[in-house]
Amino acid sequence: MAASSPALPCPVSGQASLPVRLLTLKALLRPQALARLQPALDFRFCPDPACDVVYFSPQQTFRVPDLKVPVAHKDPSGGVPLCYCFGFTRAEVEAAREAGRGAELVETIRGHIRAGRCGCEVNNPQGRCCLGMVSGLLA
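In this note's numbering, the protein residues as written are 80 to 218.
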């Protein structure tokens, strides 16, 4: 993906999108979807919870059923991971917030990041660190 790719809205929802690396798609698409992937294209991630598009380019789209993992932005259930690398689910993050342990949870994730253990680009469908989403739920 070109770092300077222009911002493109999702073709279905019209919402602003985020660039995502090809490596993320290769890691998370189901085999049938991966077989259709056009690797020369630049892809974007649609964060709109009401839209089933996950990845798109002007020429190709992948939807929720095309992924191996549930997408936290698209699935509000408690069992969905928010931190895909270390397995913290939405329910666990909410429980940490309710128990006043949100800062501890964030520090646990940061400790793993500092230790070089995270693999956000191949585990998280948005292809980036979960801390923004986790911190947002803790706020």
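Just so you know, even glycine gets a beta-carbon here, dropped at the ideal spot from N, CA and C.
Note that the coordinates shown come from a computational prediction; the quantities given were computed from them, not determined experimentally.
Among the options, nearest to residue i - alpha-carbon criterion
i: residue 164; options: 179, 191 and 97; result: 191
i: residue 131; options: 213, 146 and 87; result: 146
i: residue 201; options: 95, 186, 94 and 101; result: 101
i: residue 129; options: 184, 189, 193 and 154; result: 154
i: residue 120; options: 111, 213 and 140; result: 140
i: residue 213; options: 196, 183 and 195; result: 183
i: residue 203; options: 86, 90 and 108; result: 108
i: residue 104; options: 135, 90 and 86; result: 135
i: residue 211; options: 162, 166 and 86; result: 162
Per-residue burial, residue i [other beta carbons within 10 Å of its own, 16 or more giving buried]
i: residue 156; result: exposed
i: residue 97; result: exposed
i: residue 123; result: buried
i: residue 169; result: buried
i: residue 181; result: buried
i: residue 112; result: buried
i: residue 137; result: exposed
i: residue 61; result: The chain is shown from 80 up to 218; residue 61 falls before or after that span and cannot be answered.
i: residue 206; result: buried
Close-in-space but distant-in-sequence residues of the same chain around residue i (CB under 8 Å, 5 per side omitted)
i: residue 94; result: 88, 125, 126, 127 and 130
i: residue 92; result: 125, 127, 129, 130 and 132
7 Å Cβ shell around residue i - same chain, five flanking residues per side excluded
i: residue 159; result: 149, 151, 168 and 169
Say whether the segment 161-179 touches the segment 207-218, bearing in mind that this needs 3 or more beta-carbon pairs closer than 8 Å, one atom from each stretch.
-> The segment 161-179 is in contact with the segment 207-218.
Which ranges would you report for the alpha helix (DSSP H) in the segment 155-203 if only whole runs of at least 4 residues count?
-> For the segment 155-203, whole alpha helix (DSSP H) runs of length 4 or above, ordered along the chain, are 169-177, 181-193 and 199-202.
Tell me the start and end of each unbroken alpha helix (DSSP H) in the segment 95-162 that is at least 4 residues and wholly inside, in chain order.
-> Counting whole runs of 4 or more residues, the segment 95-162 contains the alpha helix (DSSP H) stretches 101-107 and 110-113.
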